[in-house]
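Undergrad:
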Amino acid sequence: DGAAAFLIFVGVGTLMAVASALLVHFFAPTASGSGIPEVKTILNGFVMPDVVSFRTLCVKVVGLMLSVAAGMALGKEGPLVHVAVCWAQQFSGLFPQFQNEGKRRELFSAAAPAGVST
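According to the numbering used here, the sequence shown is numbered sequentially starting from 138.
1. Which residues bound the alpha helix (DSSP H) around G239?
2. If we require 4 or more residues per run, which alpha helix (DSSP H) segments fall completely within the segment 153–206?
3. Can you give the beta carbon distance from T193 to C223, rounded, assuming they're within the 8 Å contact cut?
4. Are the segment 151–166 and the segment 194–201 in contact at 8 Å, needing three or more beta carbon pairs?
5. Taking only the alpha-carbon atoms, compute the straight-line gap between G139 and A207 and give it to the nearest angstrom.
6. Alpha carbon to alpha carbon, how far is F143 from F128? Give it in angstroms, no decimals.
7. Please work out which residues of its chain come closer than 8 Å, Cβ to Cβ, to A154, disregarding the five sequence neighbours upstream and downstream, and give them in chain order.
8. L231: buried (16+ other C-beta within 10 angstroms of its C-beta) or exposed?
9. CB-CB under 6 Å to A221, same chain, minus the five flanking residues each way: which ones, in chain order?
10. Just to confirm, are G150 and P216 a CB contact at a threshold of 7 Å?
11. Starting from G208, follow the alpha helix (DSSP H) in both directions and report where the run begins and ends.
12. Residue range of the alpha helix (DSSP H) that F228 falls in?
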């Protein structure tokens with residue numbers, strides 16, 4: 138039946154969108170939005186460790202997947218910039234030369250364009 142299939146389609150999409158919103162609301166509010174203003178703030182010299190934490194990275198990635206799977210029309214470039222900078226933060230802990238905030242910002246300034254290009 139066409140009506141039942143349509144209701145299932147809309148229901149599943151709505152559930153994924155609500156799951157994405159609840160995930161962000163309860164686990165990582167810093168993952169909300171595109172992430173571009175936060176990345177620009179970090180590149181300007183502010184230290185905001187929660188914005189690029191592993192928790193934010195996980196919630197941003199899962200929330201983005203759920204939002205796209207729900208059929209929401211959204212720009213993926215902004216969130217992918219934020220995801221790339223979060224990954225750069227995670228990898229910066231592996232290398233001693235990136236423990237300095239200035240060097241870490243240089244790494245972030247290389248990661249941000251990589252996020253745009255993906």
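Quick reminder that beta carbons are idealized off the backbone N, C-alpha and C, glycines included.
Every value quoted in this text rests on a predicted model; they were computed, and no experiment measured them.
TA: Working from what's here:
1. Note, G239: alpha helix (DSSP H), E238 to S254.
2. The alpha helix (DSSP H) runs of length 4 or more contained entirely in the segment 153–206 are, from start to end of the chain, 173–180 and 191–206.
3. Sure, about 6 Å apart at Cβ, within 8 Å.
4. The answer is yes - the segment 194–201 touches the segment 151–166, with three or more Cβ pairs under 8 Å.
5. Linking G139 to A207 through their CA atoms gives a straight-line distance of about 19 Å.
6. Any answer about residue 128 is impossible in this case: the structure gives the chain only from 138 up to 255.
7. Within the same chain, A154 has close Cβ partners L203, S204, A207 and M209.
8. By the neighbour-count criterion, in which 16 or more other beta carbons inside 10 Å mark a residue as buried, L231 falls on the exposed side.
9. The beta carbon of A221 is closer than 6 Å to those of A248, A251 and G252 in its chain, skipping five residues each way along the sequence.
10. Not a contact, by the Cβ cut-off of 7 Å.
11. Here G208 belongs to no alpha helix (DSSP H), and DSSP marks it neither H nor E.
12. Annotation for F228: the continuous alpha helix (DSSP H) segment containing it runs E214 to S229.
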